[in-house]
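A.B. asks:
Residue numbers (the working numbering), protein chains in the order written: chain A, 5 to 124; chain B, 97 to 796.
1. Which of the residues in the region 9–32 of chain A, read from start to end, lie with their CB under 8 Å from any CB of chain B?
2. Within the same chain, show all residues whose beta-carbon is closer than 8 Å to that of residue 66 of chain A, passing over the 5 residues directly before and after it, in chain order.
3. Closer than 8 Å, Cβ to Cβ, to anything on chain A: give me those residues from the region 270–296 of chain B, in chain order.
4. Can you tell which of B:686, B:762, B:723 has the C-alpha that lies nearest to the C-alpha of residue 742 of chain B?
5. Taking the straight line between their C-alpha atoms, what separation do you get for residue 423 of chain B and residue 730 of chain B?
6. At a CB distance below 7 Å, what residues from the region 298–314 of chain B approach chain A? Give them in sequence order.
7. Can you list, in chain order, the residues of its chain whose CB lies under 6 Å from that of residue 774 of chain B, leaving out five sequence neighbours each side?
8. So which of B:526, B:182, B:353 has the shortest CA-CA distance to residue 247 of chain B?
9. Would you check if the distance between the CB atom of residue 51 of chain A and the CB atom of residue 99 of chain A is smaller than 7 Å?
10. Give me the chain B residues within the contact set of residue 99 of chain A, using Cβ-Cβ distance strictly less than 7 Å, ordered along the chain.
11. Does the region 100–116 of chain B come close enough to the region 185–195 of chain B to have 3 or more Cβ pairs within less than 8 Å?
12. Within the same chain, show all residues whose beta-carbon is closer than 7 Å to that of residue 692 of chain B, passing over the 5 residues directly before and after it, in chain order.
13. Within the same chain, show all residues whose beta-carbon is closer than 8 Å to that of residue 178 of chain B, passing over the 5 residues directly before and after it, in chain order.
14. Between residue 268 of chain B and chain A, is there a C-beta pair that is closer than 7 Å?
15. I'd like to know whether the C-beta atoms of residue 567 of chain B and residue 556 of chain B end up nearer to each other than 7 Å.
16. At 9 Å on the CB atoms, spell out the chain B contacts of residue 62 of chain A, in chain order.
17. What are the boundary residues of the alpha helix (DSSP H) that residue 297 of chain B is part of?
18. Ignoring anything shorter than 4 residues, give me the alpha helix (DSSP H) runs that lie fully in the region 507–545 of chain B, in order along the chain.
19. Pull up the CB-CB distance for residue 650 of chain B and residue 644 of chain B, whole angstroms please, since I reckon it's below 8 Å.
20. Whole angstroms are fine: how far does the CA of residue 436 of chain B sit from the CA of residue 754 of chain B?
21. Any idea what DSSP makes of residue 787 of chain B, helix, strand or coil?
22. Report yes or no: is there a C-beta of chain A within less than 7 Å of the C-beta of residue 217 of chain B?
23. Please state whether the Cβ-Cβ distance between residue 553 of chain B and residue 581 of chain B is less than 7 Å.
24. When the Cα of residue 485 of chain B is compared with those of B:497, B:505, B:158, B:500, which residue comes out closest?
25. For residue 552 of chain B, which three-state DSSP category applies?
26. Look at residue 155 of chain B and residue 147 of chain B and say whether their C-beta atoms are less than 7 Å apart.
27. Label residue 382 of chain B either buried or exposed according to how many other C-beta atoms from any shown protein chain fall within 10 Å of its C-beta, with 16 as the threshold for buried.
28. What does a CB cutoff of less than 7 Å around residue 500 of chain B pick up in its chain, not counting 5 residues either side in sequence?
29. Are there 16 or more other CB atoms within 10 angstroms of the CB of residue 157 of chain B, so buried, or fewer, so exposed?
30. Among the residues of its own chain, which have a CB less than 8 Å from the CB of residue 126 of chain A, if the five just before and after it don't count?
31. What residues match up with residue 749 of chain B in a beta bridge as DSSP calls it?
32. Check the Cβ of residue 350 of chain B against every Cβ in chain A and list those closer than 7 Å, keeping chain order.
33. Can you tell which of B:343, B:291, B:375 has the C-alpha that lies nearest to the C-alpha of residue 357 of chain B?
34. Counting Cβ pairs, one atom from each stretch, are 3 or more of them under 8 Å apart for the region 269–282 of chain B and the region 387–402 of chain B?
35. By how many angstroms is the C-alpha of residue 674 of chain B removed from the C-alpha of residue 635 of chain B?
36. Quick one, which residues of the region 74–96 of chain A are near chain B if we go by CB-CB under 7 Å, in chain order?
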């Protein structure tokens, strides 16, 4: 598990988080801990997903939860370089939407269709 | 069962049988082609199925036996043989007989049916089920296509689903395979990372699925998680509603799903805003709920639009069956209209001052012409169906006579008026019989002459102006000029010393009572023949021509007008009477002065561009009193390569002639083939040009 499933790089104004591997139920606990580490006050979190080989519903929940966390803490959160596989799974799961959830007052929801297009 | 349905079945069955015959003949030519075998099988199957449905049980059970054999052929267990084709053709004839029997109430001979069935059974190698299965039951077992139904599925897995090995996404994928599907994930239960239990399920889904697979198929998808999820499946659109594209309002959907209470809704509606925004602002519902409801709305709208456009395209592509009588009535009415329109135009011409009237009359004329063309066009049928009937004739007859003949066709899609096609059938049968019997030689004779063993009869149809040329060409021995001449002399059709060109001798085969076959066979040579053909063709206002080359074959060409209802014609006047003649026969019109008449010394001939043209003074022929004008007009008609002039007082001009048959009392009157009503309401007789020419020849 130590072979860098999540790599966290701290920059001056943001924290870069890169995932390499499967975002599945087997890794969910580890991913959650590492993501939580990344949410350091004062820095925007940038999640790079190019290395995601596989994702399931727990993975999608984690991404969603990251966004909630950022909203609750008033921090910036971005997803980058989502892989084809990820987009396909998110679409199957019906994640993409026109309007974010209750907490998403600023319209930063990672599943907004306009954001999807930008990200892809 | 209503008679209409039974009639519809009979009509359909006739078409299927015609198709079957064609397929069987094709199958004989290409015994290896399984696609054709499949076609035969399917046709049998359709006849059986719809026969059973409409209560034609005899047809259904009979066909079932045939179908059983074809199933073996289709699976390669039985090879296509000449015997099989013969038997299948016989079976086809039996089905037709049963169909006809049901119409005239005389039962078809069951012994014949039994015989055919027994022979079919004999072909089956291993014992197969010979008892006619109940075809209706069998068909019921085939999956009837279910209607497309749209479901709303709310799928809320319990929190522990991931730890028990459940994968909600896999289930969603399975659902998507059932049909067009919109999935909305609800994220309202999500929480931030601090409180997140990563292996717990927070998501739940609304799925809007349109499928023909049925509720059971949907339940099957969830079969393994049944106990560990909340599942509700609701039909939201079953395709029976007629609303087009529209669906429930957003508020209705939210209430129906229990996301919003009716009271809350009423409250919100008082605020005059879009319901989704209101509900959201009020914090009553989660955005995902609105989202999901919106998607449902959109999904059903699309499904309905799709369904509607499909229904439309189906309507556009379909055709309807109309009885031939209705079409005949329509064409008659159009005929009346054309007549009245001609009258209107004439009145408008006389009252030229009224510019308004003239323009209305012109408009009516234009519309009437379009209507006429359209109405006549509806009755047009391709001649191909008739052609394929002859394939069978050629096959059966040549087999009977021990000749090998194949028939080829060309221009099967050439269209002719339905009534014309019907009347063409018998003449064509005669001609083809003659070709098979007298024309094409036996294989041995052909080989001796260095020709291919298999003879050929080629049927072709091609448009030529407002006529269709139908040619029947064989590659047989050709017409024997000497034999025809000898026979004609023997029958006293021509004097022994008559000087005739080959072309004229060929025409003798159309003389009444002429038959050269030395042996009377069942096929032809019964004394009726080409003269009957010629009469029939002339009855259709057509003409017949024959060409032959000794040793190479004969070709007979029929020139048939496209329609019998309305013709383009030339209107002429003699004294006070007016006549019309088919424009198709008219070559040219020239003047005839008294001086020219004197020069011919009463022989009634005139010189046109160095060519001698005999003419017939119609005034004299029809015994019309009064004096002819000093300058008369000659309408020169062309028929079978000869030119003959018809002398009239004046040529008035072209005319759309709606043909009315003469009453029974006048049918024997020679020189007239019908009548028409002119614009002013008076009657003009239609000149029977070939008959006039013949009478003139006999008189001269």
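Ideal Cβ placement from N, Cα and C applies to all residues, glycine included.
C.D. replies: According to the structure data:
1. 29, 32
2. 27, 32, 35, 36, 39
3. 272, 278, 279, 280, 281, 283, 284, 286, 287, 288, 289, 290, 292, 294, 295
4. B:686
5. 39 Å
6. 298, 299, 301
7. 780
8. B:353
9. no
10. Near residue 99 of chain A (Cβ distances below 7 Å), the residues of chain B are 281.
11. yes
12. Only 702 meet the Cβ criterion.
13. 124
14. Closer than 7 Å to the CB of residue 268 of chain B there is at least one CB belonging to chain A.
15. yes
16. 258, 294, 295, 296, 297
17. Unbroken run through residue 297 of chain B: none, as it is neither H nor E.
18. 514–530, 539–544
19. 4 Å
20. 11 Å
21. For residue 787 of chain B, the three-state secondary structure derived from DSSP is helix.
22. no
23. Between residue 553 of chain B and residue 581 of chain B, the C-beta gap is not smaller than 7 Å, which leaves the two residues out of contact.
24. B:505
25. strand
26. yes
27. buried
28. 494, 539, 549, 550, 551
29. It counts as buried.
30. One cannot answer for residue 126 of chain A here, as it falls past the ends of chain A, which runs 5 to 124.
31. B:667
32. Chain A residues near residue 350 of chain B: none, gap ~14 Å exceeds 7 Å.
33. The option with the nearest alpha carbon to residue 357 of chain B is B:375.
34. Contact annotation: the region 269–282 of chain B touches the region 387–402 of chain B, with at least three C-beta pairs closer than 8 Å.
35. 22 Å
36. Contacts with chain B (Cβ-Cβ distance below 7 Å) from the region 74–96 of chain A involve 76, 93, 96, listed in chain order.
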